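Numbering (my numbering), first residue to last: 917 to 1538.
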């Protein structure tokens, strides 16, 4: 029996699943107005159930968008159109009335700290894309919670999409479904509208059965209205709107208004052999080892690392003055290449079931393969590349796209922290900044104070990443690892971080900077990394406890001689790892100063300018 009309929505459109009459008026209006605009054939209100998930996966399989990987339990492979493989910064915009609310005004040229679009230009772009864009397709209504459902630190969003791939992925990456609608009641939500931009019937054939519209791709954020619209891309960073779009760009603006922080940071718990535990947040640009650090297996005997999150942290001071953090996500959307039993055994254990892989290579025995997987292919097993061609080791071009991904439930991680879904969050005692710096930057150093730590975050630089469309290895400025993700003017963002020091009775976490990637003259890494990074965390642990095991340097506190536990490691050139070259750092001051001057310009807070000047003065003493 067909569903009986409960409302105007159901009377005019076929509602495949769900009851529109129970929705709050603002949500019903959002769905109705979007349906009138986008013209889908049907509407499906997602309940998040296992049965629904099976139906969505079966539909995707039938459409040829995903295929089952028989080697694992409930694992799937999607191959995208090769034009839709990454976030596209040039097509990602912040829409505000005043340009300066979104980005600082650069001295010359284009801002590297976000792209602004005027409200008028956005209306034009929106109206030339969305009308009729879902014809012939189903509009899925995805109610999702960023953070544990009902947590005071969580926020709710509703994503409308015509992509079943997005539905299946959002069920992994967020808490999604009926429970979210119940919690929402008549409350506020972030409006997220997404379309692949391929109404049916198609005017040209799909590549890899992957609908997308690269020529018209646009991802827009309207912070004043708490709205996100995304058109033309099915790739996760552009289509799973809870992730970077909501959890960083929109949330950073909400956080500035409400007095908290939304950051591109992992959260880990570290326990020493005596059972004392601390939580640390760390900001690294994409592809600098956030997931590896969050899931590290320490080489130091008796130490334990547990994972709260690998990518995003929402942090707020509680009434006792502790900085409390939640992971707003429910899954890991990790870069596959480079992930192996050696580099990240816990990730490898997490992804063997209930996982959607995108743009990795496939083996003829129903498995997955990528660069750096570090596994011998069994005799007779062949590889099909992400481009769906036969591939043999030694062929030109990688078997997996450098930004290929696994989308996997966080709850499956063998070292998931017991408090990872704690509604009040976990107490953060240290914040780490870091990047990929082959030259000049020591393994670890500690900020002199909060203001100096904020400066360290602002001055972050790193070799470029595969997660964006940049090519080649260039040292890029990536302040706070947030450069592609700021939801408002970076100068204001810095002032917001600086203001944390002035909140009453707060316990500020210590701030550190790390660089696992320093190389010697021959181009070899000076530090073994991975599980050995626990040795650096051990030193931080002692510093948080107030231990006197550091000495002052012009750039911050560095470990005392012999303070870093190197027991069991051979051939570590400590002198070179911690060498602070006056020439290198004077150039760094110039480069960072020029960047601040050019990019943040008149919005640069005085305190950050002062920190740069103080660093310059300290370098004179070298």
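We put the CB at the ideal spot given by N, CA and C, even for glycine.
Here the structure is a predicted model, which is why all the values come from computation and not from measurement.
Which residues DSSP lists as bridging residue i, in chain order
| i | result |
| --- | --- |
| residue 1077 | 1056 and 1110 |
| residue 1195 | 1185 and 1344 |
| residue 1325 | 1247 |
| residue 1416 | Partner(s): none; residue 1416 has no beta bridge. |
| residue 1537 | Paired residues: none, contrary to the question. |
| residue 1554 | Limits of the chain in this structure are 917 at one end and 1538 at the other, which puts residue 1554 out of reach. |
| residue 1032 | 1010 |
| residue 1377 | 1393 |
| residue 1527 | None; residue 1527 has no bridge partner. |
| residue 1427 | 1347 |
| residue 880 | Within the shown structure, residues of the chain are numbered from 917 to 1538, placing residue 880 beyond reach of any answer. |
| residue 933 | 960 |
| residue 1361 | 1429 |
| residue 1331 | For residue 1331, which the question treats as bridged, DSSP gives no partner whatsoever. |
Buried or exposed (CB count within 10 angstroms, at least 16 for buried), residue i
| i | result |
| --- | --- |
| residue 1024 | exposed |
| residue 1471 | buried |
| residue 1141 | exposed |
| residue 1522 | exposed |
| residue 1468 | exposed |
| residue 1296 | exposed |
| residue 1184 | buried |
| residue 1011 | buried |
| residue 1224 | buried |
| residue 1529 | exposed |
| residue 1527 | buried |
| residue 919 | Residue confidence is low: residue 919 scores 38 on pLDDT, short of 50, so the model does not pin down where it sits. Its coordinate-derived value is still stated next. By the neighbour-count rule (16 or more Cβ atoms within 10 Å), residue 919 is not buried but exposed. |
| residue 984 | exposed |
| residue 1373 | buried |
| residue 937 | exposed |
| residue 917 | For residue 917, the predicted structure reports a pLDDT of 32, less than 50, and the residue's modelled location is therefore unreliable. A value from the coordinates is still provided. Classification for residue 917: exposed. |
| residue 941 | exposed |
| residue 1242 | buried |
| residue 952 | exposed |
| residue 1009 | buried |
| residue 1120 | exposed |
| residue 930 | exposed |
| residue 1028 | buried |
| residue 1068 | exposed |
| residue 1036 | exposed |
Reference residue i; option with closest CA among the options
| i | options | result |
| --- | --- | --- |
| residue 1200 | 1329, 1221, 957 and 1376 | 1376 |
| residue 1306 | 1332, 1436, 1277 and 1318 | 1277 |
| residue 1066 | 1210, 1098 and 1463 | 1098 |
| residue 976 | 1008, 1084 and 1121 | 1084 |
| residue 1486 | 1442, 1460, 1519 and 1473 | 1442 |
| residue 1419 | 1495, 1458, 1366 and 1456 | 1366 |
| residue 1252 | 1536, 1222, 1285 and 1236 | 1285 |
| residue 944 | 1058, 1040, 957 and 1030 | 1058 |
| residue 1532 | 1509, 1404 and 1013 | 1509 |
| residue 1431 | 1371, 1204 and 1324 | 1204 |
| residue 1048 | 957, 1514, 1027 and 1456 | 957 |
| residue 1319 | 1120, 1474 and 1151 | 1151 |
| residue 1436 | 1137, 1355 and 1232 | 1355 |
| residue 1043 | 1122, 1136 and 1056 | 1136 |
| residue 1324 | 1271, 1370, 1292 and 1368 | 1271 |
| residue 1360 | 1077, 1238, 1326 and 1495 | 1495 |
| residue 1403 | 1154, 1139 and 1423 | 1139 |
| residue 1326 | 1148, 1246, 1094 and 1114 | 1246 |
| residue 1112 | 1101, 1154 and 1143 | 1154 |
C-beta contact flag for residue i and residue j at 8 angstroms
| i | j | result |
| --- | --- | --- |
| residue 1329 | residue 1275 | no |
| residue 1062 | residue 1158 | yes |
| residue 1434 | residue 1357 | yes |
| residue 1546 | residue 1186 | Nothing in the structure corresponds to residue 1546, since the chain is present only between 917 and 1538. |
| residue 1250 | residue 1322 | yes |
| residue 994 | residue 981 | yes |
| residue 1110 | residue 1070 | no |
| residue 1212 | residue 1449 | yes |
| residue 1156 | residue 1178 | no |
| residue 1032 | residue 1041 | no |
| residue 1269 | residue 1461 | no |
| residue 1370 | residue 1410 | yes |
Every unbroken alpha helix (DSSP H) inside the segment 1216-1271 [4 residues or more] = 1261-1266
request  = List in chain order: all unbroken beta strand (DSSP E) runs of 3+ residues lying wholly within the segment 1444-1515.
outcome  = 1466-1469 and 1472-1475
task = Would you mind listing the beta strand (DSSP E) stretches within the segment 956-1000 that are 3+ residues and don't spill past its ends, in chain order?
result = 958-961, 982-984 and 992-994
ask   = In the segment 1269-1311, which residue ranges form an unbroken beta strand (DSSP E) of at least 3 residues, counting only runs that do not cross its ends?
value = 1272-1274 and 1277-1279
query = Enumerated in chain order, which unbroken segments of the alpha helix (DSSP H) with a length of 4 residues or greater are wholly contained in the segment 1085-1135?
reply = 1094-1100
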